[in-house]
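Novice:
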Amino acid sequence: MTLNFCNWGFTLILLPTSPPMRFSKTGYTPDQLLHLYKELITPRLIEEKMLILLRQGKISKWFSGIGQEAVSVGAVQALEADEYILPMHRNLGVFTGRNIPLNRLFAQFQGKLSGFTKGRDRSFHFGSKEHHIVGMISHLGPQMALADGIALANTLKEEQKATLVFTGDGASSEGDFHEALNVAAVWNLPVIFVIENNGYGLSTPSHEQFKFNSFLDKGPAYGIEAVQVDGNNILEVHRTISKLVKEVRKNPKPVIVEALTFRMRGHEEASGTKYVPKELMEHWAKKDPVENYEQYLLKNGVLTEQLIEEYKAEIKADIDTGLETAYAESLPEFKLETEVGDMFQPFEQEVKTPASESKSDKRFVDAISDGLKQSLERYDNLVVMGQDIGDYGGVFKITEGFIEKFGRERIRNTPLCESAIIGTGLGLCINGYKAVVEMQFADFVTCGFNQIVNNLAKIHYRWNQNADVVVRMPTGAGVGAGPFHSQSNEAWFFHTPGLKIVYPSNPYDAKGLLNAAIEEPNPYMFFEHKALYRSLSQEIPDDYYTIEVGKAAITQEGEDISIITYGMGVHWAKALSEELKEISIEVIDLRTLSPWDSETVAESVKKTNKALVLHEDTMIGGIGAEVSAWISEHLFEHLDAPVARIASLDTPVPFTKTLEENFLPIKRLKEKVIDLNSY
């Protein structure tokens, strides 16, 4: 019988007419062959048990890797124990291959406290620093950029180590795939990209995912070596990856490994496999990686039926013991302080004061550059990345001259790929570095949004891995830059637990808060208003210093109205105060938006009894909505008027000056203050 491979997207080697699996034990001792066999049957036996438990309702979901075990096992056994590996749904063999205690693994599957995510995430969405494993998130592609960052850290430390990351044929359609491969190629990173080509992305066959016949076609386009292996042949997988790993350790470079395999069960059990032609299932059943390798070892006298029974009895006993321990553990009890406390890596800020009284007049842009420079001097494990930040010095010249002082390894010009660079920053952190990532404009962060809100923000809560990454965001309107270079998008991140957000309004705060953000081992979004870069200067300390995060500043005291604002709004409020001298306005500069300083706001409103929340961002869903709601809820008895809000129009930012001036709230601010004062 023949199959039309175009219908399923497989190359000819995957058709029923393909030759039988051929094993070669050349170079392997009997003990090594048996070790691989034992490692191969371990995930299979666990899976068989999990499928029983799933039917019994004792676990809620299962992503089966039956039929694909040889890829995981061959890959993990080719690495050293301290080399990072980044698995996906169907890579149970990676976790067992790194000798993770089965009771903890099963506790993870059951949502128990002794699992790796304390019941906060399921299945394989976790990592373990102890075992040098970094787990995936459901979005599939982002883990490849993390592998880039981990490998970059190894390169910077001059360690001869490889990093291996898994992805699937379906996930290769995502932009993260392209970005990660491109960065790895450009930077010669020692990453092995293992693509498990099982012919389907859930139910979508390969020919509906891509046009090419093989991932071997991808390599030359990126300038990357690409090899193909029979993913069901444990010896071929292990031998090939072992050889490649040795090569990239000595000569850092990325490599694509396409592992041809097949998923014998549904994407997850509930989805089934009815969409797969019967003939295709029958073909791949004959290529079962466990049965074929077992028969090969029996035929060659390496394995005996007695050994098979002994191995399986031992593994099943370990499974039963692990399950017994995991089942004996109760589900986690909810503790508010634990849930909230685990959002960030514990850190107690110690505010740093300048070492001398030396001061200089610096523009806002110079203060940012100064802080970044002094942080690079303070932390030799700090890496700065961004588009055009190298010889060009960045579009705003903040990193001008940095390459000469710190070198190209630490001041890294990047391709245009926000997602990969933010992910690379997180990977650097996982492997012992700090990272500052510059968005050329805050607007462009949309291309890296997933990495920020789903990786940076959630990773410590999920499995206790911090994200020591600061994302710098040149932001704001008033410079005639139009809809795609002028947005105020801080509210997008304000709604995301796990991120800290800073938005300074002056050079002194900009330098001190940037230093503080870099110092803390947690993820920061650091907003810098472009219109303030060269229009505002201030005498600030020359030495390194930090400012307390989460503490607002009273930039002007008053008695009649409290204006709570940040960024450019501070300057608008103070200018209006000079104009309306008959109204005593108190101006509160939040400076830190998350966490924001409700205590200082409360003290001010209790004094003035009237509050106006002002920001440049658009009105609906802005940060002002949260602040005004909090004031109304907690300070109602102190108010002599409803809490007022004023913000930009709920439209994109227009380009033409006359339109932009009326988009911003400046012209409407005066009337709003007068109305509130006379209420």
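Counted the way numbering that gives the first Met the number 0 counts, the sequence shown spans residues 0 to 678. Glycine residues also receive a C-beta, built at the ideal position from the N, C-alpha and C atoms.
So what's Asn412 in DSSP terms, helix, strand or just coil?
Specialist: Here Asn412 sits in strand by DSSP.
Novice: Spell out the partners DSSP gives Phe526 in its beta bridges.
Specialist: Answer is Met472, bridged to Phe526.
Novice: Roughly how many angstroms lie between the CA atoms of Lys160 and Glu178, to the nearest whole one?
Specialist: C-alpha separation (whole angstroms): 22 angstroms.
Novice: Give a yes or no on whether the C-beta atoms belonging to Tyr523 and Asp341 are separated by under 8 angstroms.
Specialist: Their beta carbons are not under 8 angstroms apart, which means Tyr523 does not touch Asp341 by this criterion.
Novice: Quick test of your reading: Ile435 and Arg377, contact by CB under 8 angstroms. State the CB separation rounded to the nearest angstrom.
Specialist: Note on residue identity: the sequence assigns Val, not Ile, to residue 435. That pair is no contact at about 13 angstroms.
Novice: Give me the Cα-Cα distance between Ile451 and Glu518, rounded to the nearest whole angstrom.
Specialist: Distance between the alpha carbons of Ile451 and Glu518: 19 angstroms.
Novice: Can you find the residues in the same chain that come closer than 7 angstroms, C-beta to C-beta, to Cys5, ignoring five residues on each side of it along the sequence?
Specialist: For Cys5, the predicted structure reports a pLDDT of 40, less than 50, and the residue's modelled location is therefore unreliable. The matter cannot be settled from this model.
Novice: Of the choices Cys428, Lys666, Asp319 and Gln439, whose alpha-carbon is the least far from that of Gly477?
Specialist: Per the Cα distances, Lys666.
Novice: What whole-angstrom Cβ distance do Ala572 and Met618 have, given they're in contact under 8 angstroms?
Specialist: Contact flag wrong, Cβ pair sits at about 17 angstroms.
Novice: Going along the chain, which unbroken runs of the beta strand (DSSP E) with 3 or more residues stay wholly within the stretch 173-217?
Specialist: Complete beta strand (DSSP E) runs here, min 3: 190-196.
Novice: Could you compute how far the alpha carbon of Lys242 sits from the alpha carbon of Ala80?
Specialist: Approximately 17 angstroms between the Cα atoms of the pair.
Novice: Going by beta carbon distance, what residues of the same chain come within less than 6 angstroms of Thr423, once the five residues before and after it are set aside?
Specialist: Counting only Cβ-Cβ distances below 6 angstroms, and skipping sequence neighbours, we find Ala144, Asp147 and Gly148.
Novice: Alpha carbon to alpha carbon, how far is Glu437 from Val501?
Specialist: Cα-Cα distance, rounded: 14 angstroms.
Novice: Count the CB pairs spanning the stretch 251-258 and the stretch 224-233 that are closer than 8 angstroms, and state whether there are at least three.
Specialist: A contact exists between the stretch 251-258 and the stretch 224-233.
Novice: In terms of residue numbering, what span does the beta strand (DSSP E) encompassing Met87 cover?
Specialist: That residue, Met87, is in no beta strand (DSSP E); it is neither H nor E in DSSP.
Novice: Around the C-beta of Gly400, are 16 or more other C-beta atoms found within 10 angstroms, so that it is buried, or is it exposed?
Specialist: That one is exposed.
Novice: Determine the contact status of Ile136 and Asn454, defining contact as a CB-CB distance below 8 angstroms.
Specialist: Contact: yes.
Novice: Taking C-beta to C-beta, are Gln373 and Leu415 nearer than 8 angstroms?
Specialist: No. Outside cutoff.
Novice: Taking 8 angstroms as the threshold, find out whether the stretch 355-363 comes into contact with the stretch 534-542 through three or more Cβ pairs.
Specialist: Yes: the two stretches touch, three or more of their Cβ pairs being nearer than 8 angstroms.
Novice: In its own chain, which residues sit with a C-beta less than 7 angstroms from the C-beta of Gly218, not counting the 5 before and 5 after it?
Specialist: Hits under 7 angstroms: Glu224, Ala225 and Ile255.
Novice: Does the contact criterion of 3 or more C-beta pairs under 8 angstroms hold for the stretch 297-312 versus the stretch 425-432?
Specialist: No, the stretch 297-312 is not in contact with the stretch 425-432.
Novice: Write down the C-beta distance between Val548 and Asn488 rounded to the nearest angstrom, noting that I regard them as a contact closer than 8 angstroms.
Specialist: Not really, about 20 angstroms apart at Cβ, beyond 8 angstroms.
Novice: Helix, strand or coil, according to DSSP, for Gly385 in the structure here?
Specialist: DSSP places Gly385 in strand when its eight states are reduced to three.
Novice: In three-state DSSP terms, what is Leu2?
Specialist: With a pLDDT of only 39 at Leu2, under the threshold of 50, the placement of this residue in the model should not be trusted; the figure read from the coordinates follows. In the structure shown, Leu2 sits in coil (DSSP, three-state: anything other than H, G, I, E or B).
Novice: Run the CB neighbour count on Pro473, radius 10 Å, all protein chains shown included, and call it buried at 16 or more, exposed below.
Specialist: The residue in question, Pro473, is buried, as its Cβ has 16 or more Cβ neighbours within 10 Å.
Novice: Three or more C-beta pairs under 8 angstroms: does that hold for the stretch 484-498 against the stretch 181-191?
Specialist: As far as the Cβ criterion goes, the stretch 484-498 does not touch the stretch 181-191, which means the pair count is below three.
Novice: Should His633 go down as buried or exposed, given a rule of 16 or more other Cβ atoms within 10 Å for buried?
Specialist: His633 comes out exposed.
Novice: So Lys671 and Leu611 are supposed to be a Cβ contact under 8 angstroms. How far apart are they, rounded?
Specialist: Between Leu611 and Lys671 the Cβ distance is about 6 angstroms, and since that is below 8 angstroms, they are a contact.
Novice: Taking the straight line between their C-alpha atoms, what separation do you get for His88 and Glu336?
Specialist: Roughly 31 angstroms between the two C-alpha positions.
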